[in-house]
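In the numbering used here, the protein residues as written are 533 to 758.
Ideal Cβ positions, reconstructed from N, Cα and C, are used throughout, including at glycine.
Since the structure comes first, as structure tokens, the remarks are kept for the end.
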């Protein structure tokens with residue numbers, strides 16, 4: 533995937549990696565007719581809450597982990613506000629265009645914008661558009677996101693051809709590990725049973741791996757070869 537506008541932006545920026553974790557246990561979304569959604573709880577912001585938000589820069593890791601979502605919301609918004617006061621920051625995620633940022637938007641984290649622009653290509657989500665897509669925008673599709681005016685780049689599509697050539701899933705952990713980046717793996721269904729320290733270690737691993745892939749992507753000027 534080539535998005536020249538994104539590539540130009542990432543070549544001269546202050547990268548900030550964003551990663552969220554969500555509550556994975558509970559009851560699936562119920563439709564008015566009584567039927568139950570097939571969407572896993574932890575991937576559905578209609579019934580799940582945000583349990584942690586992590587930001588990693590080249591100098592620091594800042595993670596908010598709390599049982600009260602409103603605490604996470606307020607602290608995250610304050611952190612993003614502090615970043616927005618200076619120029620050059622870009623938010624980077626792995627699959628954040630279709631998960632992290634729209635999830636935050638549905639959960640009413642202030643300043644998250646999800647929209648469609650003709651300047652960017654339309655990317656199809658790896659697992660299809662979520663059932664709750666219309667809760668994000670009035671249309672079921674989007675191709676751009678930002679938070680408090682800070683632009684966002686989802687790096688997952690840039691590694692798709694590389695993953696195909698390597699015969700691996702285009703997911704964060706197998707891609708990162710293929711570059712020799714050690715990662716911590718956790719069964720998503722067991723996330724709620726982790727201790728705070730275990731969850732923070734997992735968050736730190738994901739953001740560290742994503743940042744290293746961001747640096748690889750920047751060094752390669754957006755072209756990843758197998």
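Residue 481 to residue 547, Cα distance in whole Å? No statement about residue 481 is possible, as the shown extent of the chain runs from 533 to 758 and does not include it.
Taking buried to mean at least 16 other C-beta atoms within 10 Å of its own C-beta, is residue 536 buried or exposed? By the 10 Å Cβ count, residue 536 comes out exposed.
Counting Cβ pairs closer than 8 Å, one from the segment 559–571 and one from the segment 707–714, do we hit at least three? Remark: fewer than three beta-carbon pairs, one from each stretch, lie closer than 8 Å, so the segment 559–571 and the segment 707–714 are not flagged as touching.
For residue 618, does the count of other Cβ atoms within 10 angstroms reach 16, so buried, or fall short, so exposed? With fewer than 16 other Cβ atoms within 10 Å, it is exposed.
Classification of residue 717 by the beta-carbon crowding that lies within 10 angstroms, buried from 16 upward: Exposed is the call here.
Using only the alpha-carbon positions, how far apart do residue 687 and residue 740 sit? Take the alpha-carbon of residue 687 and the one of residue 740: they are about 14 Å apart.
So if DSSP puts residue 684 in a beta bridge, which residue, or which two residues, is it bridged to? DSSP, once it has assigned bridges, lists 623 as partnering residue 684.
Keeping to the same chain, check which residues put their C-beta closer than 7 Å to that of residue 758; ignore five residues upstream and five downstream. Contacts found: 694, 697, 698.
Ranges of the beta strand (DSSP E) found wholly within the segment 562–594, counting only runs of at least 3: Whole beta strand (DSSP E) segments, 3+ residues: 582–588.
Can you give me the start and stop residues for the beta strand (DSSP E) that residue 635 sits inside? Boundaries for residue 635: no beta strand (DSSP E) harbours it, while the alpha helix (DSSP H) harbouring it runs 632–638, taken from the DSSP string.
Suppose you measure from the CA of residue 646 to the CA of residue 714; what does that come to, to the nearest Å? Between the C-alpha atoms of residue 646 and residue 714 there is a straight-line separation of about 32 Å.
Say whether the segment 538–547 touches the segment 736–754, bearing in mind that this needs 3 or more beta-carbon pairs closer than 8 Å, one atom from each stretch. Contact between the segment 538–547 and the segment 736–754 is present, because at least three Cβ pairs lie under 8 Å.
Identify, in the order they occur along the chain, each residue of the same chain with its Cβ nearer than 6 Å to the Cβ of residue 643, setting aside the five sequence neighbours on each side. 679, 680, listed in sequence order.
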